[in-house]
Amino acid sequence: DTGVSQDPRHKITKRGQNVTFRCDPISEHNRLYWYRQTLGQGPEFLTYFQNEAQLEKSRLLSDRFSAERPKGSFSTLEIQRTEQGDSAMYLCASSLGVGEAFFGQGTRLTVV
Amino acid sequence: ILNVEQSPQSLHVQEGDSTNFTCSFPSSNFYALHWYRWETAKSPEALFVMTLNGDEKKKGRISATLNTKEGYSYLYIKGSQPEDSATYLCALIQGAQKLVFGQGTRLTINP
Numbered sequence: 001d002t003g004v005s006q007d008p009r010h011k012i013t014k015r016g017q018n019v020t021f022r023c024d025p026i027s028e029h030n031r032l033y034w035y036r037q038t039l040g041q042g043p044e045f046l047t048y049f050q051n052e053a054q055l056e057k058s059r060l061l062s063d064r065f066s067a068e069r070p071k072g073s074f075s076t077l078e079i080q081r082t083e084q085g086d087s088a089m090y091l092c093a094s095s096l097g098v099g100e101a102f103f104g105q106g107t108r109l110t111v112v
Numbered sequence: 113i114l115n116v117e118q119s120p121q122s123l124h125v126q127e128g129d130s131t132n133f134t135c136s137f138p139s140s141n142f143y144a145l146h147w148y149r150w151e152t153a154k155s156p157e158a159l160f161v162m163t164l165n166g167d168e169k170k171k172g173r174i175s176a177t178l179n180t181k182e183g184y185s186y187l188y189i190k191g192s193q194p195e196d197s198a199t200y201l202c203a204l205i206q207g208a209q210k211l212v213f214g215q216g217t218r219l220t221i222n223p
C-alpha cells in the first residue's frame with residue numbers, strides 16, 4: 001500500500017463551478033477524515049466516515065459541501081457553486097479506529 | 113465547538129537549545145491526544161498517540177507528557193536541530209469521535 005492518495009493535487013476553478021476531489025485511504029483503514037487548511041491555520045475538521053457511514057459533518061460547513069464514501073473505500077468531496085472563500089488546501093486522512101491518522105498530500109483549490 | 117488550543121503560535125529557538133510548547137483541551141470525555149509534525153510541502157506525520165493520564169512518550173530528542181485531568185499536554189524538544197523546524201500540531205479525540213486539531217505551533221530553529 002502506498003499510503004493515502006488524493007486527486008487532483010491542484011485545481012483551479014471559476015467561481016460558481018462545481019468541483020469534486022477524491023481520496024483513496026490506506027486499504028485496511030476504516031476511518032476517513034476530510035479537513036480544510038488555510039494559510040497559517042491548523043487543519044479544520046469538515047467531516048468523517050467510519051466505513052461507509054458519515055458520522056459527523058461540521059456545523060460550520062455550508063450545504064454546498066457534500067462528501068461520500070460508497071462501499072467504505074475511497075471518498076469524494078464535492079463543493080457546489082464554488083466561492084473565492086473556498087480556496088484552501090483540502091486534506092484527507094485515514095486511520096484504523098482512533099489510532100494515528102495518515103494524511104494524503106492534499107488538494108489545493110484556487111477559486112478565481 | 114471543541115477548542116484545542118496550542119501555545120505559542122510561533123517560536124524561534126537557537127540551534128542546540130531545548131524548547132517546549134503546550135496543547136490545552138477540554139478534560140471532559142477524553143479519549144486520546146495525538147501530536148503531529150508538519151513540515152513545509154509535506155503531509156502531517158504522527159509523532160505520538162497518548163491515551164492515559166500521566167503518559168510520557170519519547171522518540172529520539174522529542175518527548176511528550178499528558179495530563180487528562182487538567183487538560184494539557186506538553187511537547188519537548190531537546191537540543192534543537194535545524195531539521196526540527198516544522199509546525200507541531202496536537203489533536204484531540206473525545207468519546208471515540210472525530211479527530212480535532214489545534215492551530216499548531218510553528219517552530220523555527222536558527223542555526
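Quick mapping for you: the protein sequence lines, in order, are chains A and B. Numbering of the first sequence is given in this note's numbering, commencing with residue 1 and proceeding in unit increments. Numbering of the second sequence is given in this note's numbering, commencing with residue 113 and proceeding in unit increments. In this text, a Cβ means the ideal position worked out from N, Cα and C, and glycines have one as well.
- Listed in chain order, the non-local C-beta contacts of residue 58/A below 8 Å within the same chain comprise 44, 45, 46 and 47, local neighbours out to five positions each way being set aside.
- Interface annotation for the segment 210 to 222 of chain B against chain A: 210, 211, 212, 213, 214, 215, 216 and 218, criterion Cβ-Cβ distance under 9 Å.
- Taking CB atoms only, residue 155/B has a neighbour in chain A less than 8 Å away.
- In terms of CA proximity to residue 117/B, 215/B leads the group 132/B, 152/B, 187/B and 215/B.
- Assignment of residue 196/B by DSSP, reduced to helix, strand and coil, places it in the helix class.
- Under the Cβ criterion of 8 Å, residue 205/B is counted among the residues facing chain A.
- Residue-level contact by beta carbon fails for residue 67/A and chain B, as no gap is shorter than 8 Å.
- Straight-line measurement puts the Cα of residue 80/A at about 12 Å from the Cα of residue 61/A.
- Secondary structure note for residue 5/A: its beta strand (DSSP E) is the uninterrupted segment 5 to 7.
- Counting every other CB atom within 10 Å of its CB across the protein chains shown gives residue 42/A a total of 16 or more, marking it as buried.
- Where residue 45/A is concerned, the enclosing beta strand (DSSP E) starts and stops at 44 to 50.
- Around residue 67/A, the same chain offers 34, 46, 47, 49, 54, 57, 75, 76, 77 and 78 as residues with beta carbons nearer than 8 Å, after the five sequence neighbours per side are excluded.
- Taking 8 Å as the threshold, the shortest C-beta distance from residue 143/B to chain A falls below it.
- Pairing residue 64/A with residue 82/A, the inter-Cα distance amounts to about 8 Å.
- At a C-beta separation below 8 Å, residue 88/A has no neighbours in chain B, since its nearest C-beta there lies roughly 14 Å away.
- Here the C-alpha atom of residue 84/A lies approximately 30 Å from the C-alpha atom of residue 204/B.
- Collapsing the DSSP output to three states places residue 80/A in coil.
- In the three-state reduction of the DSSP assignment, residue 24/A falls in the strand class, which pools E and B.
- Annotation for residue 165/B: no beta strand (DSSP E) segment contains it, and DSSP assigns it neither H nor E.
- Against chain A, the CB of residue 124/B has no partner CB under 8 Å away; the residue lies outside that interface.
- DSSP places residue 71/A within a helical segment (H, G or I) once states are collapsed to three.
- The beta-carbon of residue 158/B is placed less than 8 Å from the nearest beta-carbon of chain A.
- Ranking 123/B, 129/B, 180/B and 154/B by CA distance to the CA of residue 141/B puts 180/B first.
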